[in-house]
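Participant:
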Amino acid sequence: MKKIFLAAILVAQVFVANAQSADTKPYEEKMNKIESEFNDLQTAYKALSKKDPKTFTDAEKQQLQAIMTKADSLTEVQLAATLEIMRKFKATSFPAKYVADAMYDMSYEELKEALDPTSGYYNDEVLKQAKSQLASLELRRPGLMFTDLTMNDMNDKTVKLSQWVGKGNYVLVDFWASWCGPCRQEMPNVVAAYEKYHAKGFDVVGVSFDNKKDKWTAGVEKLGMKWHQMSDLKGWQSAASAAYGIRSIPSNVLLDPQGKIVASDLRGEDLQNKLAEIYK
C-alpha cells in the first residue's frame, strides 16, 4: 500500500513538472527572442564602435541612434516580461535566471519584490549578485535622507554635498568618471536637463570616480559640465561608493528641496520626464 501511495505522489509530481514546463514554454520562447534581438544589436554596435565617432557619416549616426532606441525598447519589453514571470511563477525556480538578467533595470521596489524570501527561486545561486544589488539600492532608496560627502573641488578646495543639498532646490547628485564610456554618452542628457531647469531651481553636483585630477578636469570641460564638482580621486574606493552603494556608473540620486531621496538612477527620458513632472 505504501509503495502504491509513493508511486502516486511521484506521478503527480511529474504531471506538475510537465504542466509547469508547458506553461513556461511561451515565456521561454519570448525571452529567447528578446535575447536574440539584443545579440543582433550588440553585433551592429560593435561594428560601429570600431570607428571614431568623429568620423561618423550621417547614416552611421542615424544607425547608432536606431540601435540605442531599439535597445531601450527591448529593455522595457524584457523587464515587463520578467516582472510577469516572477509574479506568475513565484513558487517555482523558473524566474531566477530572468530576474538575474534584469536586475540592473529594476527599480528598488521591483527588485525588492523580485527577491521575496518566500519565493521558490530566492535561494538560487544565480541571484547572488541581485541580492548584492538590492543591498546597494537600500542605501539610496526613495524616502531616505541624503548622506553627506566631503571631498575636494577642482581647485583643491574642500567642499561638502550639504553646501548645495537641503537648501530648497531639487539636486541631482551625479556619479560618473571621465574614463566611463556610458557616463560620457549619458552626459549630454544631464547637460540638457541642467540647461532647461537650472533657472527654475534645479541643480547638479558631479561626484567623480576618477583617480587622476587632469583626466577629471579635462572631462568636465570637454563634456560641458557647468555645475558643482567634487572628487576624492580614489576611483572605486571613493567614499561615495560606500555611502550610496554605487557599484556601477553612471548612477545618480535625485534629492528633494529638504534633501530626501526622490529617485535614483534616472537616465535618458526617465530623467527628463521626472523633471518635467516636478517643474510642470
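Heads up: the sequence shown at position 168 corresponds to 149 in the numbering used here, and the numbers run straight through without jumps. Each residue gets a CB set at the ideal place from its N, CA and C atoms; glycine is no exception.
Which same chain residues end up closer than 7 Å to Phe70 when comparing Cβ atoms and leaving out the 5 residues on each side of it in sequence?
Facilitator: Taken in chain order, the residues that qualify are Thr5, Pro76.
Participant: What span of residues does the beta strand (DSSP E) with Val152 cover, start to end?
Facilitator: Element bounds for Val152: 152 to 157.
Participant: Need the endpoints of the alpha helix (DSSP H) that Val172 sits in, please.
Facilitator: That run of the alpha helix (DSSP H) goes 162 to 178.
Participant: Quick one: which unbroken beta strand (DSSP E) runs of 3-plus residues sit fully inside the region 112 to 138? Chain order, please.
Facilitator: Those beta strand (DSSP E) runs which fall completely within the region 112 to 138 and span 3+ residues are 131 to 133.
Participant: Can you tell me whether Gly240 is helix, strand or coil according to DSSP?
Facilitator: The answer is coil: DSSP assigns Gly240 none of H, G, I, E or B.
Participant: Ends of the alpha helix (DSSP H) at Thr195?
Facilitator: Before going further, note that residue 195 is Asp rather than Thr in the sequence given. Looking at the DSSP string, the run of the alpha helix (DSSP H) that includes Asp195 is 194 to 203.
Participant: Report the option in Ala81, Asp21, Met126, Lys196 whose CA atom is closest to the CA atom of Ala111.
Facilitator: Selected option, being the one with the closest Cα: Ala81.
Participant: In chain order, what residues of the same chain have a beta carbon less than 6 Å from the beta carbon of Leu29, not counting five sequence neighbours either side?
Facilitator: So the qualifying residues of the chain are Leu45.
Participant: I believe Phe156 touches Ile230 by the beta-carbon criterion, under 8 Å. Please report the beta-carbon distance rounded to the nearest angstrom.
Facilitator: Sure, about 5 Å apart at Cβ, within 8 Å.
Participant: Please classify Glu9 as buried or exposed, where buried requires at least 16 neighbouring CB atoms within 10 angstroms.
Facilitator: It counts as exposed.
Participant: Is the beta carbon of Leu22 within less than 6 Å of some heavy atom of the ligand NAD?
Facilitator: Among the components modelled here there is no ligand, and therefore nothing to report on the ligand NAD.
Participant: Taking all protein chains shown into account, decide if Ala(-12) is buried (16 or more other Cβ within 10 angstroms of its Cβ) or exposed.
Facilitator: With a pLDDT of only 39 at Ala(-12), under 50, the local geometry of the prediction cannot be trusted, and the value read off the model is given with reservation. Its Cβ having fewer than 16 others within 10 Å, Ala(-12) is exposed.
Participant: Which stretch, first to last residue, makes up the alpha helix (DSSP H) that contains Asp184?
Facilitator: It is not in any alpha helix (DSSP H) - Asp184 instead sits in the beta strand (DSSP E) that spans 184 to 189.
Participant: Candidates Leu120, Asp213, Phe183: which alpha carbon is nearest Ser232's?
Facilitator: Checked all of Leu120, Asp213, Phe183; the closest Cα to Ser232 is Leu120.
Participant: From which residue to which residue does the alpha helix (DSSP H) around Gln59 run?
Facilitator: Taken as a continuous stretch (DSSP letters only), the alpha helix (DSSP H) holding Gln59 covers 39 to 69.
Participant: For the candidate residues Val185, Lys207, Met84, Met132, whose alpha-carbon lies nearest to that of Ala221?
Facilitator: With distances taken between Cα atoms, Ala221 lies closest to Met132.
Participant: Considering Cα atoms alone, identify which of Pro238, Asn20, Asp86 is closest to Leu64.
Facilitator: Cα-wise, what sits closest to Leu64 is Asp86.
Participant: From this set, Val171, Ala116, Ala180, which residue's C-alpha is nearest Val186's C-alpha?
Facilitator: Answer by Cα proximity: Val171.
Participant: Starting from Gln210, follow the beta strand (DSSP E) in both directions and report where the run begins and ends.
Facilitator: Looking at the DSSP string, the run of the beta strand (DSSP E) that includes Gln210 is 209 to 211.
Participant: Just grab the DSSP bridge partners of Leu235 for me.
Facilitator: Per DSSP, Leu153, Ala244.
Participant: Using 7 Å as the threshold, is the C-beta distance between Tyr260 and Lys181 below it?
Facilitator: In this structure, Lys181 lies closer than 7 Å to Tyr260 by Cβ.
Participant: Can you tell me whether Met12 is buried or exposed? The criterion is at least 16 other CB atoms within 10 Å of its CB, across all chains shown.
Facilitator: Label assigned to Met12: buried.
Participant: My output table needs one value for Pro76: the three-state DSSP class, helix, strand or coil.
Facilitator: Coil, per DSSP.
Participant: What whole-angstrom Cβ distance do Met49 and Asp134 have, given they're in contact under 8 Å?
Facilitator: That pair is no contact at about 33 Å.
Participant: Helix, strand or coil: which one does DSSP assign to Lys11?
Facilitator: Helix.
Participant: Along the chain, where does the alpha helix (DSSP H) containing Asp251 start, and where does it finish?
Facilitator: Here the alpha helix (DSSP H) through Asp251 covers 250 to 259.
Participant: Checking 7 Å against the spacing of the C-beta atoms, do Val154 and Val58 come in under that value?
Facilitator: No.
Participant: Quick check: the Cα distance between Phe127 and Gln218, rounded to an integer number of angstroms?
Facilitator: So the two alpha carbons sit approximately 19 Å from each other.
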